[in-house]
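At the far end of the sequence shown sits residue 467, using the numbering used here, and the numbering has no gaps.
Have a look at the structure below before the remarks.
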Amino acid sequence: MAQTLYDKIWNEHVVRQYDDGSVLLYVDRHLVHEVTSPQAFEGLRLAGRRVRRPDLTLATVDHNVPTRQRHCVSDPVAAEQIATLERNAKEYGIPFLGLSHPEQGIVHVVGPELGFTLPGTTIVCGDSHTSTHGAFGALAFGIGTSEVEHVLATQTLRLRKSLNFRVRFVGEAGPGVTAKDMILRFIGEVGPAGGTGFVLEFCGDAIRALSMEERMTVCNMSIEAGARAGLIAPDEVTFDYVASDDRPYAPRGRALREAIRRWEKLASDKDAKFDREIELNISDLEPQVTWGTSPGMVTGISGEVPEPEQVKHFSRDDAAKALAYTKLKPGQKIVDIPIDVVFLGSCTNGRLSDLRIAAEILKGKKISPHVRMIVVPGSERIRRRAEKEGLDKIFKEAGAEWRHAGCSMCLAMNEDRLEPGQRCASTTNRNFESRQGRDSITHLVSPATAAASAIAGHLSDPREYFA
1 MAQTLYDKIW NEHVVRQYDD GSVLLYVDRH LVHEVTSPQA FEGLRLAGRR VRRPDLTLAT
61 VDHNVPTRQR HCVSDPVAAE QIATLERNAK EYGIPFLGLS HPEQGIVHVV GPELGFTLPG
121 TTIVCGDSHT STHGAFGALA FGIGTSEVEH VLATQTLRLR KSLNFRVRFV GEAGPGVTAK
181 DMILRFIGEV GPAGGTGFVL EFCGDAIRAL SMEERMTVCN MSIEAGARAG LIAPDEVTFD
241 YVASDDRPYA PRGRALREAI RRWEKLASDK DAKFDREIEL NISDLEPQVT WGTSPGMVTG
301 ISGEVPEPEQ VKHFSRDDAA KALAYTKLKP GQKIVDIPID VVFLGSCTNG RLSDLRIAAE
361 ILKGKKISPH VRMIVVPGSE RIRRRAEKEG LDKIFKEAGA EWRHAGCSMC LAMNEDRLEP
421 GQRCASTTNR NFESRQGRDS ITHLVSPATA AASAIAGHLS DPREYFA
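In structure tokens, the structure reads:
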């Protein structure tokens with residue numbers, strides 16, 4: 001029987017099937033951070049259990065860490081969470097990437113960087129954007145704290161299988177149009193619940209043309225369409241990335257060659273059946289910008305703020321509420337929207353290629369005098385490499401702040417946050433009310449659009465820099 005990529009990975013990891021249709025699924029990799037793990041470890045301790053496979057577990061601090069001064073954690077709750085994870089990792093023998101570790105960074109950035117993320121594996125983490133790792137042809141999804149404890153104790157989860165949704169991107173994107181624009185366009189097309197109950201498989205020539213870092217951006221935001229996970233079948237781009245010399249957790253030599261032979265079979269069969277399919281042509285795609293309080297409230301940079309009754313997938317009342325919150329008026333041009341802050345970073349767009357495209361635009365220029373720009377690499381490794389290339393100097397000479405690795409302004413759980421009423425062009429993945437600080441306003445954009453907007457002082461089309 002023909003199988004999809006999702007079917008193949010799922011079936012290979014089923015330990016036991018239950019009469020109610022659920023299964024016990026084996027977990028190959030478990031990523032842990034400081035926010036969703038304390039209660040899980042305490043549950044283990046109270047039950048007298050150990051971590052079943054510490055060698056298949058990797059812990060890092062990212063959500064609460066300071067990005068300005070490494071070891072000055074001003075929030076006592078954040079400081080305790082960071083210290084607690086370090087103690088738990090030491091007690092249970094789990095590899096730990098603390099504030100002093102040269103490989104510390106955002107969990108969904110360091111996993112792939114270190115070769116911990118591999119094709120064909122099942123990967124979980126107590127974080128919504130675990131879907132990032134699906135870019136490698138891994139079945140990766142977020143779990144809750146009680147499930148974190150269950151995986152720590154048993155290396156398994158009891159789950160029900162999702163449906164299959166194939167998303168085909170065709171055509172060739174123009175200069176200044178990025179993977180972030182592709183995934184925002186998809187979310188706008190299907191809505192924030194369009195993927196509910198599904199695992200997405202992204203395919204097509206436009207997906208194959210993407211780098212691994214760009215593929216991670218696409219899969220990262222699968223959850224914003226309501227999907228359980230997002231997958232891209234591995235290919236030579238994937239294998240070359242994993243085979244890089246600086247992936248300490250990845251197989252090497254003969255083991256790698258044998259692994260690649262297995263990974264080459266990780267593709268949906270030609271006659272595999274999908275429960276839903278969609279095709280999007282990106283040849284005429286323009287940079288995308290969100291205008292509301294959901295990633296699905298999105299339009300092209302040349303567009304206008306819509307009338308509430310014209311917004312797809314949302315009720316008129318919900319759209320009107322979003323406009324009231326973002327202080328925008330129907331008919332207002334997107335490029336006329338002023339900004340106060342630009343944030344470049346996150347597990348969506350904090351990788352080296354993201355920093356490079358922003359630096360390319362900013363080189364020799366200054367950001368608008370009334371704009372504050374913060375640049376936060378996704379990992380300390382990325383920070384070092386960016387500095388080796390001189391990207392930090394470009395950012396600082398343009399007037400931006402250059403920081404250490406962390407989740408930073410993606411969410412208001414650390415020192416980096418917006419003031420009430422401030423408007424931010426952000427390369428993150430969520431624009432919910434108060435996501436970046438109380439009463440803050442977020443416009444989701446690509447790194448290219450973020451850089452162009454920082455210079456202009458308002459939302460701006462980056463394509464003029466690639467003409």
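Yeah, the Cβ is synthetic: ideal placement off N, Cα and C, and Gly gets one too.
query	result
Where the alpha helix (DSSP H) through Cys-347 begins and ends	346-349
Cutoff 8 Å; reference Leu-122; Cβ partners in own chain excluding five residues on either side	The residue you asked about is not Leu; residue 122 is Thr in the sequence shown. If we look at Thr-122 and ignore the five residues flanking it on each side, its Cβ neighbours are Ile-9, His-13, Leu-25, Tyr-26, Val-27, Asp-28, Arg-29, Ala-138, Leu-139 and Ala-140.
Thr-154: first and last residue of the uninterrupted alpha helix (DSSP H) it sits in	145-154
Residues that DSSP places opposite Trp-402 in a beta bridge	Val-375
Rounded C-alpha distance that separates Ala-255 from Glu-464	47 Å
Buried or exposed (CB count within 10 angstroms, at least 16 for buried), Asn-220	buried
Residue from Gly-303, Thr-293 and Ile-374 with nearest C-alpha to Ala-398	Ile-374
For Thr-57: DSSP bridge partner residues	His-30
Bridge partners - Ile-441, DSSP secondary structure assignment	Arg-423
The stretch 435-455 / the stretch 337-351 touching (three or more Cβ pairs under 8 Å)	yes
Nonlocal neighbours in the same chain, by C-beta distance under 7 Å from Arg-383, ignoring five residues either side	Pro-377, His-404 and Ala-405
Residues that Asn-414 bridges to, as DSSP identifies them	DSSP lists no partner for Asn-414.
Cross-strand partners of Ile-123 (DSSP beta bridge)	Arg-29 and Ala-140
Test item: CB-CB of Gly-296 and Gly-188 under 8 Å	yes
Spatially closest choice to Leu-58 from His-71, Gln-81 and Ile-106, by CA coordinates	Ile-106
Given Glu-201 as reference, the closest of Gln-422, Ile-223, Gly-191 and Pro-192 once Cα atoms are compared	Ile-223
C-beta contact flag for Asp-522 and Pro-447 at 8 Å	The first residue shown for the chain is 1 and the last is 467, placing residue 522 beyond what the model contains.
Reduced DSSP secondary structure (H/G/I, E/B, other) of Asn-429	coil
Lys-180, buried or exposed, once every other Cβ within 10 Å from all chains shown has been counted against 16	buried
Nearest-angstrom Cβ-Cβ length linking Ile-301 and Glu-286, presumed shorter than 8 Å	6 Å
Distance, His-443 Cα to Val-289 Cα	6 Å
Cβ separation of Leu-118 and Ala-250, assumed to be a contact under 8 Å, to the nearest whole Å	7 Å
Whole-angstrom distance between Cys-424 and Arg-372, CA atom to CA atom	9 Å
Own chain partners of Thr-217 with C-beta closer than 7 Å, once the 5 adjacent residues on each side are dropped	Ala-179, Lys-180, Ile-183, Thr-348 and Asn-349
Span separating the alpha-carbon of Lys-365 from that of Trp-402	16 Å
8 Å Cβ cutoff met for Arg-166 and Phe-314	no
Selected residue, minimal CA-CA separation from Val-15, among Val-77, Thr-154 and Glu-213	Thr-154
Opening and closing residue of the alpha helix (DSSP H) in which Cys-219 lies	212-220
Whether Leu-114 touches Arg-247 by CB criterion (8 Å)	yes
Own chain residues within Cβ distance below 6 Å of Arg-95, not counting five before or after	According to the sequence shown, residue 95 is Pro rather than Arg. The answer, listed in chain order, is Leu-58.
For Ala-525, three-class secondary structure by DSSP	Nothing can be reported for residue 525: it is not among the residues displayed for the chain, which extend from 1 to 467.
Phe-116, DSSP secondary structure in three states	coil
DSSP three-state assignment for Gln-332, whether helix, strand or coil	coil
CA-to-CA distance, Leu-231 to Ser-211, given in whole angstroms	14 Å
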